[in-house]
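Asks: Position in the sequence shown (from 1) plus 7 gives the number in my numbering. The C-beta atom is built at its ideal place from N, Cα and C for all residues, glycine as well. Owing to the predicted nature of the structure, the values given are computational and were not obtained by experimental measurement. Pasting a structure below so you can have a look.
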Amino acid sequence: MSYSPNKIEKKWQQIWHEEGAFEPLDDKKLDKRYILSMFPFPSGRLHMGHVRNYSIGDAMARYYRKQGYNVLHPIGWDAFGMPAENAAIKHGRHPKDWTYSNIDYMRKELNALGLSFSETREFATCDELYTKWEQEFIIKMFEEKLLYRESTTVNWCKECNTVLANEQVIEGCCWRCDNEVELKEMPGYYLDIKKYADELLDDLKLLEGKWPSQVLAMQSNWIGKSQGLAFSFKLSEASKAKLDNKFEGFEVFTTRPDTIYGVTYTALAPEHPIVKQLIKNELLAPEVIEKITEISNMTEVERAKAGKEGFDLGITVIHPLTGEEIPVWMANFVLASYGGGAVMSVPTHDERDFEFASQYSLPLKYVIEGGEEGAAYTGEGKLINSEQFNGMKNTEAKAAVIKLFEEKGLGKGTTNYKLRNWGISRQRYWGAPIPFVHCDACGLVPEKVENLPIALPEDVEITGEGNPLENHPTWSTCACPKCGAKAKRETDTLDTFVQSSWYQFRYATDPKKWESCGIDKEDVNYWLSVDQYIGGIEHAILHLLYARFFTKALRDVGFIDNLKEPFEHLLTQGMVLMDGAKMSKSKGNTVDPDALIEKYGADTARLFTLFAAPPQKELEWNDSAVEGAFRFIKKLYDRKSKVTSSELPSIDQASLSKEEKIARAKVYEALKKSVDVYEKTFAFNTLIAACMEALNALDKQSNEQVWSEGLYIITHLLEPIIPHVCAELSEELFDSKNLKGKIAILEEVFVQDSITYAVAINGKRRAEVEVDAGASNEEIIAAAKAMVPKWLEDKSVIKEIVVPKKMVNLVVK
Numbered sequence: 008m009s010y011s012p013n014k015i016e017k018k019w020q021q022i023w024h025e026e027g028a029f030e031p032l033d034d035k036k037l038d039k040r041y042i043l044s045m046f047p048f049p050s051g052r053l054h055m056g057h058v059r060n061y062s063i064g065d066a067m068a069r070y071y072r073k074q075g076y077n078v079l080h081p082i083g084w085d086a087f088g089m090p091a092e093n094a095a096i097k098h099g100r101h102p103k104d105w106t107y108s109n110i111d112y113m114r115k116e117l118n119a120l121g122l123s124f125s126e127t128r129e130f131a132t133c134d135e136l137y138t139k140w141e142q143e144f145i146i147k148m149f150e151e152k153l154l155y156r157e158s159t160t161v162n163w164c165k166e167c168n169t170v171l172a173n174e175q176v177i178e179g180c181c182w183r184c185d186n187e188v189e190l191k192e193m194p195g196y197y198l199d200i201k202k203y204a205d206e207l208l209d210d211l212k213l214l215e216g217k218w219p220s221q222v223l224a225m226q227s228n229w230i231g232k233s234q235g236l237a238f239s240f241k242l243s244e245a246s247k248a249k250l251d252n253k254f255e256g257f258e259v260f261t262t263r264p265d266t267i268y269g270v271t272y273t274a275l276a277p278e279h280p281i282v283k284q285l286i287k288n289e290l291l292a293p294e295v296i297e298k299i300t301e302i303s304n305m306t307e308v309e310r311a312k313a314g315k316e317g318f319d320l321g322i323t324v325i326h327p328l329t330g331e332e333i334p335v336w337m338a339n340f341v342l343a344s345y346g347g348g349a350v351m352s353v354p355t356h357d358e359r360d361f362e363f364a365s366q367y368s369l370p371l372k373y374v375i376e377g378g379e380e381g382a383a384y385t386g387e388g389k390l391i392n393s394e395q396f397n398g399m400k401n402t403e404a405k406a407a408v409i410k411l412f413e414e415k416g417l418g419k420g421t422t423n424y425k426l427r428n429w430g431i432s433r434q435r436y437w438g439a440p441i442p443f444v445h446c447d448a449c450g451l452v453p454e455k456v457e458n459l460p461i462a463l464p465e466d467v468e469i470t471g472e473g474n475p476l477e478n479h480p481t482w483s484t485c486a487c488p489k490c491g492a493k494a495k496r497e498t499d500t501l502d503t504f505v506q507s508s509w510y511q512f513r514y515a516t517d518p519k520k521w522e523s524c525g526i527d528k529e530d531v532n533y534w535l536s537v538d539q540y541i542g543g544i545e546h547a548i549l550h551l552l553y554a555r556f557f558t559k560a561l562r563d564v565g566f567i568d569n570l571k572e573p574f575e576h577l578l579t580q581g582m583v584l585m586d587g588a589k590m591s592k593s594k595g596n597t598v599d600p601d602a603l604i605e606k607y608g609a610d611t612a613r614l615f616t617l618f619a620a621p622p623q624k625e626l627e628w629n630d631s632a633v634e635g636a637f638r639f640i641k642k643l644y645d646r647k648s649k650v651t652s653s654e655l656p657s658i659d660q661a662s663l664s665k666e667e668k669i670a671r672a673k674v675y676e677a678l679k680k681s682v683d684v685y686e687k688t689f690a691f692n693t694l695i696a697a698c699m700e701a702l703n704a705l706d707k708q709s710n711e712q713v714w715s716e717g718l719y720i721i722t723h724l725l726e727p728i729i730p731h732v733c734a735e736l737s738e739e740l741f742d743s744k745n746l747k748g749k750i751a752i753l754e755e756v757f758v759q760d761s762i763t764y765a766v767a768i769n770g771k772r773r774a775e776v777e778v779d780a781g782a783s784n785e786e787i788i789a790a791a792k793a794m795v796p797k798w799l800e801d802k803s804v805i806k807e808i809v810v811p812k813k814m815v816n817l818v819v820k
């Protein structure tokens, strides 16, 4: 019978479903492997990026099951978010209906790929049961002072009609819709991630060699720890009077206390209270006020991309050590979110300060030897023009200056972070309600745990204008959980990144316990950390940082035990491209996985995505390569007629011909490579190539025992990658015995009677030569020269290079 992928794949998917073949076992004495791919948003259809991501994880999960591990390989749905609301507006469908309908369709697509996910542990983050436990965590964090509410300037996306966390603003635009973000003052809820800044930073060391170095660097830079000096500049008497004596001065933070004597101006953010006071009292020119207001409405990223711009505020401060008066400017590069929105500026030793000073002809004062006049010198050297610190190395002067400030009571050594607390309030309907109540008498009150979940009302009108929960006539009206008086329920919902910050623990919790607890400690202690996590590098800061933080916060509020990190190893897979560009519907360069599976079968789709490129690299779509993957599987299937033994045969190596020995060697080379591929490098393309070479070598001989052994091992190796056809061949040929346990590597097969060397002249391959396996280098070189006489004619051989078992290179002139 010829290869029929549709028939074979449906058969095995049904068998696996009926057997519950992919459910983890309850026995916690077994060695475990937790393989997790980032779960999808139920947009309605899988794309090739999903196929690649889940094929990678599935290959790992199937491999470890075969090795006897207890494997947890779950899938679920990251189901809250704006797209569901947008679909409701566009198609007139309720977000819940749209979401669960999409989940049903995409589940069928996942099943069609033969992915070995646990069926019993699947959930959607919009399930009310999931929301119930999440709301309990949020209340506990509020009680433990890890969550608070305050009014601040936030990133606002008009298109999505909601607040964005700093991490969700990409180059001044919304991460979701790519529209420009503006700043807006409003109240919101914040998780105190800054409390964990040092732990998040220090524990990155635990992930070195296990996570991509690029991701570790991105997280380290985002946390942005810096140590330096915090001190105050006192306003001059005239400036105090100008400001109605409402301000004594302002605090700054610097990582360069060694340059304190080089300060020639200070700069404030446009949002700084002193700037606001000057604007309020109209102490600046109207055009200046207008420009400062314009700058204050720009996002941090927009300001960073803009040219340097500022205005003299007409006030001065006193240098804390020299007593000199120093002008105060408003500068667009000063951020209200860092260092209190005020900086000291040393143009001679800071590129940014120099650029600004040059633009506005501000004075320069060098305090470190080195560099050239008229340029910023940022190197090291001895201090000059620095009073008692003259002659001291600037690296040593940092601590000395901090000590002087502390002794004089002028300031103190301190640590700053770029990391900002995580704003989790979203003004939208399709999200988990924040479980708090506003009471006139009691203030902000958490809901009683026994009343959870606070579920979303289904009778809402979603128009794209305002928050549907705020506009609902009755939903927000409730009784205060504390005093019983009439109160108002919170109408903000949680940022969807909250849901994906703890889902790894929910998967690990036995589904039989889901009604009674959100996270089971005993189960989590067994399954966590996730042994291998797989997803895109675009989540390096957002999801991965939040999930790391949530792990530590849940530990501290008592929901999990002393777990350091949620994900032990991380693989970030590359994008799937077509014609060099990322696949997208708007560009019309997508490939429909459903159509691909219908035409070629799931095994071909899986084989192509794992063969076309290493997982960490971008994958370029190639129609002919898909055809090639299909032809290889068909060839493998067609060779089943060559097998005559259902057992792994015992073969007398000495009695074999040269071709038979080469075939065996190729098969066992693939077997030897497989452990490294499945457990370390994930270079599935190299393993697939080795199996293809082995099949080609088997074709060049006719020994039935060698064929039986070859297909016994090849189907064993490829089963995690192309499971349907390998399961079919294994059942038919070997009673499925080769898909259980390990196969021993026989070193005897690598001992060859002869070795074929490539012969190169000046690095260019010209011929091949076969020599006895025990030949000396001299004999190898002589045989090689005999194969290329015309390339040596009238030439002098100046160098002879033998690469053992591979190549002879003759350098001639």
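Write down the C-beta distance between L487 and V452 rounded to the nearest angstrom, noting that I regard them as a contact closer than 8 Å.
Replies: For the purposes of this step, residue 487 is taken as the residue at position 480 of the sequence shown. For the purposes of this step, residue 452 is taken as the residue at position 445 of the sequence shown. Correcting the residue type first, residue 487 is Cys in the shown sequence and not Leu. At roughly 6 Å, the Cβ-Cβ gap stays under 8 Å, so C487 and V452 are in contact.
Asks: Could you spell out the range, first to last residue, of the beta strand (DSSP E) harbouring W336?
Replies: Counting from 1 along the sequence shown, the entry for residue 336 is found at position 329. Taken as a continuous stretch (DSSP letters only), the beta strand (DSSP E) holding W336 covers E332 to A338.
Asks: Short of 6 Å in beta carbon distance, which residues of its chain neighbour F566, apart from the five on each side in sequence? Order them along the chain.
Replies: To locate residue 566, count along the sequence shown from 1; it is residue 559. Result list for F566: I526, in chain order.
Asks: Using 8 Å as the threshold, is the region 699–709 in touch with the region 600–617, meaning 3 or more CB pairs across them?
Replies: No contact exists between the region 699–709 and the region 600–617.
Asks: DSSP has Q234 in a bridge; who is on the other side?
Replies: Here the question's residue 234 lines up with position 227 in the sequence shown. Paired residue(s): T422.
Asks: Using CA atoms only, rank isn't needed, just tell me which of A248, M225 and T261 is closest to S233.
Replies: Counting from one through the sequence shown, the residue named residue 233 turns up at place 226. When only C-alpha atoms are compared, the closest one is T261.
Asks: What residues are listed by DSSP as bridge partners for T579?
Replies: As a first step, residue 579 is located in the sequence shown; it is residue number 572 there, counting from the start. For T579, which the question treats as bridged, DSSP gives the partners G542.
Asks: Do Q708 and E755 have their C-beta atoms closer together than 8 Å?
Replies: The residue given as residue 708 occupies position 701 in the sequence shown. The residue given as residue 755 occupies position 748 in the sequence shown. No, these two residues do not count as a Cβ contact at 8 Å.
Asks: Under the rule that 16 or more other beta-carbon atoms within 10 Å means buried, what is C133, buried or exposed?
Replies: Taking the first residue of the sequence shown as position 1, residue 133 is located at position 126. Classification for C133: buried.
Asks: Starting from N478 and walking both ways along the alpha helix (DSSP H), at which residues does that stretch end?
Replies: Counting from 1 along the sequence shown, the entry for residue 478 is found at position 471. Taken as a continuous stretch (DSSP letters only), the alpha helix (DSSP H) holding N478 covers P475 to N478.
Asks: Thinking just about the alpha-carbon of each residue, which of Q284, E278, G235 and I296 is nearest to the one in I267?
Replies: Locating residue 267 in the sequence shown gives position 260, where the first residue counts as 1. Looking at the Cα atoms, G235 is the closest of the given residues.
Asks: Short of 8 Å in beta carbon distance, which residues of its chain neighbour E135, apart from the five on each side in sequence? Order them along the chain.
Replies: Reading the sequence shown from its first residue, position 128 is the one you call residue 135. So the qualifying residues of the chain are P460 and A462.
Asks: Would DSSP call L753 helix, strand or coil?
Replies: Position 746 of the sequence shown holds residue 753. Coil.
Asks: With distances taken from CA atoms, which of E465, A119 and H57 is nearest Y607?
Replies: The count along the sequence shown starts at 1 and reaches residue 607 at position 600. The candidate whose alpha carbon is nearest that of Y607 is A119.
Asks: Could you compute how far the alpha carbon of S803 sits from the alpha carbon of W218?
Replies: As a first step, residue 803 must be located in the sequence shown, where it is residue number 796. As a first step, residue 218 must be located in the sequence shown, where it is residue number 211. Those two C-alpha atoms are separated by around 51 Å.
Asks: Helix, strand or coil, according to DSSP, for T385 in the structure here?
Replies: If you number the sequence shown from 1, residue 385 lands on position 378. The three-state secondary structure of T385, taken from DSSP, is coil.
Asks: Return helix, strand or coil for M6, following the three-state DSSP convention.
Replies: Not covered by the structure: residue 6. The range shown for the chain is 8 to 820.
Asks: What number of angstroms, rounded off, separates the C-alpha of I695 from the C-alpha of E545?
Replies: On the sequence shown, position 688 is the one that residue 695 refers to. On the sequence shown, position 538 is the one that residue 545 refers to. Distance between I695 and E545, taken at the CA atoms: about 28 Å.
Asks: Provide the residue span of the beta strand (DSSP E) that contains T261, from first to last.
Replies: Position 254 of the sequence shown holds residue 261. Start and end: G256 to T261.
Asks: According to DSSP, what are the bridge partners of S761?
Replies: Translated into the one-based positions of the sequence shown, residue 761 becomes position 754. Answer by DSSP bridge pairing, in chain order: D779.
Asks: Locate the alpha helix (DSSP H) running through H98, then write down its first and last residues.
Replies: Residue mapping note: residue 98 aligns to position 91 of the sequence shown, counting from 1. Taken as a continuous stretch (DSSP letters only), the alpha helix (DSSP H) holding H98 covers M89 to H98.
Asks: Starting from G64 and walking both ways along the alpha helix (DSSP H), at which residues does that stretch end?
Replies: As a first step, residue 64 is located in the sequence shown; it is residue number 57 there, counting from the start. Segment M55 to K73, the alpha helix (DSSP H) holding G64.
Asks: Leaving out the 5 sequence neighbours to the left and right, which residues in its chain are closer than 6 Å to P370 when beta-carbon positions are compared?
Replies: Within the sequence shown, residue 370 is the residue found at index 363, counting from 1. Counting only Cβ-Cβ distances below 6 Å, and skipping sequence neighbours, we find T271.
Asks: From W482 to P600, what distance separates their C-alpha atoms?
Replies: Counting from one through the sequence shown, the residue named residue 482 turns up at place 475. Counting from one through the sequence shown, the residue named residue 600 turns up at place 593. Using only the alpha carbons, I get a separation of about 42 Å.
Asks: Spatial neighbours of L736 within its chain, please: C-beta separation below 8 Å, excluding the five flanking residues on both sides.
Replies: In the sequence shown, the residue the question calls residue 736 occupies position 729. Here the set comprises L643, Y644, K647, L718 and T722.
Asks: Flag this pair as touching only if the region 54–70 and the region 86–106 have three or more C-beta atom pairs under 8 Å; answer yes or no.
Replies: no
Asks: Enumerate, from N- to C-terminal direction, the unbroken alpha helix (DSSP H) stretches of 4 or more residues contained entirely within the region 491–533.
Replies: 503–506 and 510–515
Asks: Output needed for I409: all residues of its chain with C-beta closer than 7 Å, excluding positions within five of it in sequence on either side, in chain order.
Replies: Looking up residue 409 in the sequence shown gives position 402. L236, P264 and G420.
Asks: So that I know if they touch, is there some Cβ in chain C lying closer than 8 Å to that of V259?
Replies: Checking the listed chains, one finds no chain C in this structure; it contains a single protein chain.
Asks: Which residue comes first and which comes last in the beta strand (DSSP E) that contains D85?
Replies: Within the sequence shown, the letter at position 78 stands for residue 85. Taken as a continuous stretch (DSSP letters only), D85 belongs to no beta strand (DSSP E), as it is neither H nor E.
Asks: Whose C-beta lies closer than 7 Å to the C-beta of K806 among residues of the same chain, with five residues either side of it excluded?
Replies: The residue you call residue 806 lines up with position 799 of the sequence shown. Excluding residues within five positions, the ones whose Cβ falls inside 7 Å are V818.
Asks: Out of curiosity, what's the CA-to-CA distance linking V776 and K813?
Replies: Walking along the sequence shown from the start, residue 776 turns up at place 769. Walking along the sequence shown from the start, residue 813 turns up at place 806. In a straight line, the C-alpha of V776 is about 10 Å away from that of K813.
Asks: Is the number of C-beta pairs between the region 429–441 and the region 293–304 that are closer than 8 Å three or more?
Replies: no
Asks: For G770, count neighbouring Cβ atoms within 10 angstroms of its own Cβ and tell me buried if that reaches 16, exposed if not.
Replies: On the sequence shown, position 763 is the one that residue 770 refers to. Exposed, by the Cβ-count rule.
Asks: With DSSP run on the structure shown, which of helix, strand or coil describes W23?
Replies: Along the sequence shown, one-based indexing puts residue 23 at 16. DSSP places W23 in helix when its eight states are reduced to three.
Asks: How many angstroms separate the CA atom of L32 from the CA atom of G83?
Replies: Taking the first residue of the sequence shown as 1, we reach residue 32 at position 25. Taking the first residue of the sequence shown as 1, we reach residue 83 at position 76. Straight-line Cα distance between these residues: approximately 19 Å.
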